[in-house]
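At position 119 of the sequence shown (counting the first as 1) the number is 119 in UniProt numbering, and the numbers step up by one without a gap. A virtual CB, placed ideally from N, CA and C, is assigned to each residue, including glycine.
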Amino acid sequence: MTPFDAPDAVKLTEEVQQEYVVRYGGPDETAVDPAEFAPPRGLFLVGYLDGAPVACGGWRTHEEPPPGLLPGDAEFKRMYVVKSLRGNGLARAVLAELERTAAAAGHRRAVLETGQKQPEAIALYRSSGYEEIPKFGYYRDDELSLCLGKALG
């Protein structure tokens, strides 16, 4: 577990934001408060290889779930693996740990928003049992947005 605003987490989340700039023309504008990723409301993970931060992801819950989400849903955010290490199972390992920790915290469903210009992310989520759910959040009216969910536990 790493605070969302810790230097290694910030480094990786800045990299994922640059990935969104390349793919979509701008960063993810979803409001994110680092406190949302602190236990017990959430969790943020950073994975390391040879001491360097190489992967991250987190989950958060909402006191007042936005339309489309259920009370207690764990929303996954900022899943990312550095480009040079993609295809080695790191994203799948981060996803599995996010699912495990969210379920252990009592959450029954994981939800996430991704985009149509991230086919590798969509393939990962679909192959891990995620199915399309009604759109929610900042991008709910964006045609490139795709929201997915999976029962936990």
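Item                                                                                                                                                         : Value
Looking at the structure shown, is Thr101 part of a helix, part of a strand, or coil, going by DSSP?                                                         : helix
Suppose you measure from the CA of Ala91 to the CA of Asp28; what does that come to, to the nearest Å?                                                       : 19 Å
Measuring only the C-alpha atoms, how far is Asp73 from Tyr24?                                                                                               : 27 Å
Note the first and the last residue of the continuous alpha helix (DSSP H) segment covering Ala121.                                                          : Pro119 to Ser127
Tell me which residues share the same chain as Ala105 and place their Cβ nearer than 7 Å to its Cβ, disregarding the 5 neighbours each side in the sequence. : Pro40
Helix, strand or coil: which one does DSSP assign to Glu112?                                                                                                 : Note that residue 112 is Leu in the sequence shown, not Glu. DSSP places Leu112 in strand when its eight states are reduced to three.
Between Gly58 and Arg109, is the Cβ-Cβ spacing less than 7 Å?                                                                                                : no
Which of helix, strand or coil does DSSP assign to Lys77?                                                                                                    : strand
Quick one: using the 10 Å Cβ neighbour count with 16 as the cut-off for buried, is Thr13 buried or exposed?                                                  : buried
When DSSP labels each residue in this structure, what does Arg60 get in the three-state scheme?                                                              : strand
Does DSSP put Phe44 in a helix, a strand or coil?                                                                                                            : strand
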